[in-house]
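> Read top to bottom, the protein sequences are chains A and B.
Counting in full-length UniProt numbering, the first sequence runs from 1 upward without gaps.
Counting in full-length UniProt numbering, the second sequence runs from 1 upward without gaps.
Number of protein chains: 2
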Amino acid sequence: MNRVRVVLVNTSHPGNIGGAARAMKNMGISELVLVDPERFPDPDARARASGADDVLEGARIVATLEEAISDCVLVLGTSARDRRIPWPVVDPREAAGLVLDQLDDAPEATVALVFGREDSGLTTDELQRCQYHVHIPSNPEFSSLNLAAAVQVLCYELRMLDLQRSGQPTKMKKTETTSIQNEIPATAEEMERFYVHLEQVLVEIGFHDPQKPRQLMPRLRRLYGRIRPNQVEMNILRGILTETQKAIGVQASGERRR
Amino acid sequence: MNRVRVVLVNTSHPGNIGGAARAMKNMGISELVLVDPERFPDPDARARASGADDVLEGARIVATLEEAISDCVLVLGTSARDRRIPWPVVDPREAAGLVLDQLDDAPEATVALVFGREDSGLTTDELQRCQYHVHIPSNPEFSSLNLAAAVQVLCYELRMLDLQRSGQPTKMKKTETTSIQNEIPATAEEMERFYVHLEQVLVEIGFHDPQKPRQLMPRLRRLYGRIRPNQVEMNILRGILTETQKAIGVQASGERRR
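Structure below.
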């Protein structure tokens, strides 16, 4: 991902440069090139970067798109509008595939993702310097994304694919606090003992009449089966039943009422 | 998608509410509920919404998360940090699958996507009201996305999946200007005539010696074969060859030099 370059062309609002830097860093991308930005550096950029100061400080400023991409082997430009130039168009997911394929094929190569002006995007001439146009599938009636949001979507797709291809998880694992027991599902035997206990309590509280079962137990089996309780949860469920029995005056399961 | 509700909890910066509204509308989602926002309505919200005023104006303000989600059949909460609560965690793509499956299964149901505070996310209590936690796979060293950026990623995944499932394209088609010819690839015969013409010109300009072919023509066949030129492009390529011949003094292909 350190061979992915984000190029922002002629950005008007420095806040968007900061937002783009933050989105990049969130997704593990750090190389930013600014083509003729209107205001940069600027406090608004720093505020929106919200800690991605290293990306902003490392940003290179150049005068033309050509300078920004001259050493890149693959250049993708974002394009919101149909400009009636027939050109290869990809969605962000396909774009991520093209980028990572290219980086795999050419281990020294750099790839550029080019983003245009907030109000008018990339010019026809700029778009023609890109091998592919990336279109984010937005609502046709309100299609123009915020610049930093567009950077976020593309960098997110790159990170998702990079994690997938390198066999890393795309979501964090939450560590358990209590014990490993949290992760061990209840066995079938434990489930059966639970159902016996549950039915007994339902009878004791007067909710269930085994002579008129009305499909109650099968329904409850389906419900708890779907939950697939773990050991800790099973202990809780059994505890509730036992406490219910105590509350209604049954000493322990199987014993008769006092 | 009109049964997807975005819930923002206790947002500090109204600009982020505006950015979220814009991201939603870009992705075709319109229902916004604000739980106890610090400042709303606010000119900053409107500025960042950048035209998604209808989403802001339709936003409902409630006092508690409970009010925001009480009628929802599925609630997903975004969670940046490992809070050491074992809980089902999904990535944004899996989250989109869960949401659309739920909407398919229950045609009247509403689903909520819940986003926490800019600085501290959702509380443990709030997270426990969500059936699933959504984790955006960010850089572990800089993991906290801007609120509107997080809304953008989730709404983007929903739209991508919704378009895919309904058989709609995830990228726009660029209409051709010239003619339908643009889309018709050159036939094998046209390609062969081109290769004959090309070889002839390469001989004429002194670049190619058929007695010492050095694999030149196979290499060029591989190159142009990969390009798969269409009719218009083929006319251009042939035109270049003809003009080259004129420039070096060959009247037309097959004729000898003057």
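Glycine included, C-beta positions come from ideal geometry on N, C-alpha and C.
Would you mind reading off the limits of the alpha helix (DSSP H) that contains T242(B)?
As a first step, residue 242(B) is located in the second sequence; it is residue number 242 there, counting from the start. Here the alpha helix (DSSP H) through T242(B) covers Q231 to A247.
> Taking the straight line between their C-alpha atoms, what separation do you get for I240(A) and E67(B)?
One-based indexing of the first sequence puts residue 240(A) at position 240. One-based indexing of the second sequence puts residue 67(B) at position 67. Their Cα atoms are separated by approximately 29 Å.
> Using the DSSP secondary-structure output, state which residues sit across from G77(A) in a beta bridge.
What you label residue 77(A) is simply residue 77 of the first sequence in a count that begins at 1. Paired residue(s): V114(A) and H133(A).
> Run through chain B and tell me which residues come within less than 9 Å of M160(A), C-beta to C-beta.
Translated into positions along the first sequence, residue 160(A) becomes position 160. Near M160(A) (Cβ distances below 9 Å), the residues of chain B are D91, P92, R93 and P137.
> Do we get a CB-CB distance below 8 Å when we pair E176(A) with the residues of chain B?
As a working note, residue 176(A) is residue 176 in the first sequence. Interpretation of E176(A) is limited by its pLDDT of 41, a score under 50 that renders its predicted location unreliable; no figure is taken from the coordinates.
> When you compare the CB positions of G28(B) and R226(B), do they come within less than 8 Å of one another, or not?
In the second sequence, the residue the question calls residue 28(B) occupies position 28. In the second sequence, the residue the question calls residue 226(B) occupies position 226. The answer is no: Cβ separation not under 8 Å.
> What three-state label does DSSP hand I61(B) in the structure shown?
What you label residue 61(B) is simply residue 61 of the second sequence in a count that begins at 1. Three-state DSSP puts I61(B) in a strand.
> Is the beta carbon of G77(B) sitting closer than 8 Å to the one on V114(B)?
What you label residue 77(B) is simply residue 77 of the second sequence in a count that begins at 1. What you label residue 114(B) is simply residue 114 of the second sequence in a count that begins at 1. It is a contact, given that the beta carbons lie within the stated cut-off.
> If we define contact as Cβ-Cβ less than 8 Å, is S179(A) a contact residue for chain B?
Reading the first sequence from its first residue, position 179 is the one you call residue 179(A). Legend: pLDDT at S179(A) = 42, less than 50; position of this residue unreliable, no value from coordinates given.
> Under 8 Å, Cβ to Cβ, is there at least one residue of chain E near T64(A)?
Included in the structure are the protein chains A and B, with no chain E among them.
> Since H133(A) contacts L127(A) with CB under 8 Å, what's their CB separation in whole angstroms?
Stepping through the first sequence from its first residue, residue 133(A) is reached at position 133. Stepping through the first sequence from its first residue, residue 127(A) is reached at position 127. With a Cβ gap of about 6 Å, H133(A) and L127(A) count as contacting.
> Among the residues of its own chain, which have a CB less than 8 Å from the CB of R93(A), if the five just before and after it don't count?
Translated into positions along the first sequence, residue 93(A) becomes position 93. Closer than 8 Å at Cβ, skipping near neighbours: E157 and L161.
> Can you list, in chain order, the residues of its chain whose CB lies under 7 Å from that of L220(A), leaving out five sequence neighbours each side?
Along the first sequence, one-based indexing puts residue 220(A) at 220. So the qualifying residues of the chain are L198.
> With DSSP as the reference, label L32(A) as helix, strand or coil.
Indexing the first sequence from 1 puts residue 32(A) at position 32. If DSSP states are grouped into helix, strand and coil, L32(A) belongs with the strands.
> Note the first and the last residue of the continuous alpha helix (DSSP H) segment covering V203(A).
Position 203 of the first sequence, counted from the start, is the residue given in the question as residue 203(A). Here the alpha helix (DSSP H) through V203(A) covers A188 to E204.
> Give the DSSP-derived three-state secondary structure of L145(B) in the structure shown.
As a first step, residue 145(B) must be located in the second sequence, where it is residue number 145. Three-state DSSP puts L145(B) in coil, outside helix and strand.
> Say whether chain A places a C-beta atom closer than 8 Å to the C-beta of K212(B).
Here residue 212(B) is taken as the residue at index 212 of the second sequence, counted from 1. It does not; no Cβ of chain A falls within 8 Å.
> Terminal residues of the continuous alpha helix (DSSP H) containing R22(B)?
Looking up residue 22(B) in the second sequence gives position 22. Counting along the chain, the alpha helix (DSSP H) containing R22(B) begins and ends at P14 to N26.
> What is the rounded straight-line gap between the Cα of E192(A) and the Cα of E108(B)?
In the first sequence, the residue the question calls residue 192(A) occupies position 192. In the second sequence, the residue the question calls residue 108(B) occupies position 108. Each residue's alpha carbon lies about 36 Å from the other.
> Does the count of Cβ pairs from the region 33 to 50 of chain B and the region 6 to 24 of chain B closer than 8 Å reach three?
Per the Cβ contact rule, the region 33 to 50 of chain B is in contact with the region 6 to 24 of chain B (3 or more Cβ pairs under 8 Å).
> Just checking: is the beta-carbon of A148(A) within a distance shorter than 8 Å of some beta-carbon in chain B?
In the first sequence, residue 148(A) corresponds to position 148, counting from 1. Answer yes: the Cβ-Cβ gap between A148(A) and chain B drops below 8 Å somewhere.
> Using only alpha-carbon positions, find the residue among L145(B), E31(B) and V62(B) that is nearest to V120(B).
Taking the first residue of the second sequence as 1, we reach residue 120(B) at position 120. Checking the sequence shown, residue 120(B) turns out to be Ser, not Val. Here the closest residue by C-alpha is L145(B).
> List, in order along the chain, the chain A residues whose C-beta lies closer than 7 Å to that of G19(B)?
Residue mapping note: residue 19(B) aligns to position 19 of the second sequence, counting from 1. What G19(B) touches in chain A: N146.
> Could you please give me the residues that DSSP links to P185(A) through a beta bridge?
Taking the first residue of the first sequence as position 1, residue 185(A) is located at position 185. In DSSP, P185(A) forms a bridge with N230(A).
> How about L163(A): is its C-beta nearer than 8 Å to some C-beta of chain B?
Looking up residue 163(A) in the first sequence gives position 163. Contacts with chain B at 8 Å (Cβ-Cβ) include L163(A).
> Take the Cβ of K171(A) as the centre, count every other Cβ of all protein chains shown within 10 Å, and call the residue buried at 16 or more, exposed below.
Against the first sequence, residue 171(A) aligns to sequence position 171. Classification of K171(A): buried, given that the 10 Å Cβ count is 16 or more.
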